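Numbering (this note's numbering), first residue to last: 8 to 282.
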Amino acid sequence: MKHDLHCHSFYSDGDLSPAEVIQLADQQSITHLALTDHDTVDGLAEAHKAAENSSITLINGIELSCTWEQRLIHIVGLNIDPKEKTLLAVIKENKQRRLLRAEAMYEDFEQNGIDIRLAVQSKIPKNGVPTRPHFAEALIELGLAKDKKQAFKRYLVKGKTGYVPMRWPDLAQIGPAITAGGGVAVLAHPTRYKLTRTKLSWLIKDMVAAGVKGMEICTASTDKQQIAMLTDLAEKFNLFGSTGSDFHSEHQPWAKLGRFEPLPKTLTPVWNTFK
Ligand code: AMP
Ligand code: MN
Ligand code: MN
Ligand code: MN
8 MKHDLHCHSF YSDGDLSPAE VIQLADQQSI THLALTDHDT VDGLAEAHKA
58 AENSSITLIN GIELSCTWEQ RLIHIVGLNI DPKEKTLLAV IKENKQRRLL
108 RAEAMYEDFE QNGIDIRLAV QSKIPKNGVP TRPHFAEALI ELGLAKDKKQ
158 AFKRYLVKGK TGYVPMRWPD LAQIGPAITA GGGVAVLAHP TRYKLTRTKL
208 SWLIKDMVAA GVKGMEICTA STDKQQIAML TDLAEKFNLF GSTGSDFHSE
258 HQPWAKLGRF EPLPKTLTPV WNTFK
């Protein structure tokens, strides 16, 4: 069995449709896949349809942005109920924040002589959420950047045109929202926050208090040493271990679907909690 419990479709900042992600997962011999788009569950219906014609077991997922100590933290919700009211309220709030940021971004571009609105909107499917990568794609289409890397160098980042800081709900609000619908909340890519081990322990303490029960241990970017460090922390705090690639695009060879080390045997896999 192979569990990739973190990936994206074009309902948020991925390149592929949910059906294409399922097809790719099938080719990679993944048995269990969680589609975890940022701040939306709208790709799940399409993913379920595609999964019916594959050997993949699809897990309902989401990746929610939140704030802890003024930092942006990502929490993955697994086996969630996408119709649960508390969760839907948080999703609605995050989506609204994204829509408001997009408006402010359009205005900032406009003030700098760039009319980007229509190009961005053409990149987002109905019900999808606007993300900065959508703006990067639009900048490429308008000939203002040659690729996403350049788009994020010239625009969209602090100090550049199109940068609008985001405010996200507090971590304390996110954990309970995921749990409300019977889902299990997991800290996404813990090594990406550039926290020392001590600070990461503080984050874990606070997230456990917020109802987060697991942590990603093996991702496409964790090396053996990091896996050992995270395994140690997961044991110390009694956390379930998760695995996931954080796949976004076939053009990102560093985060291929299904590419991660197996979960260390000393940890209890988060998928043991799925019914
Ligand atoms: P957002 O959540 O809309 O602010 O967008 C964040 C996403 O933008 C991240 O998940 C990455 O996929 C992408 N991103 C952020 N910074 C960069 C960068 N410097 N180069 C390429 N992609 C980036
Ligand atoms: Mn992303
Ligand atoms: Mn993330
Ligand atoms: Mn992600």
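Backbone N, C-alpha and C fix where the C-beta goes; we use that ideal spot for every residue, glycine too. Just so we're clear, the structure is a prediction, and the values are computed from it rather than from any experiment.
At the C-beta level, R105 and P132 stay beyond 8 Å of one another. When the five nearest sequence neighbours on each side are left out, the beta carbons in the same chain lying within less than 6 Å of the beta carbon of A262 are those of A227, S252, D253, F254, in order along the chain. When C-beta atoms of the region 85-93 are compared with those of the region 187-200, three or more pairs fall below 8 Å, so the two segments count as touching. Under the DSSP definition of a beta bridge, E70 partners with H45, V83. Contact between the region 45-55 and the region 23-32 is present: three or more C-beta pairs spanning the two stretches fall below 8 Å. The count of Cβ pairs closer than 8 Å, one atom from the region 103-122 and one from the region 156-170, reaches three, so the stretches are in contact.
Distances from the CB of H15 to the heavy atoms of ligand 2 include at least one below 7 Å. Take H258, set aside five residues on each side of it, and the residues of its chain with a beta-carbon closer than 8 Å to its own are D22, in chain order. Closest in C-alpha terms to S36, from the list E242, H13, M8, T229, comes M8. Here A192 is bridged, per DSSP, to G84. Under the 10 Å beta carbon count, M173 is surrounded by fewer than 16 other beta carbons and is classified as exposed.
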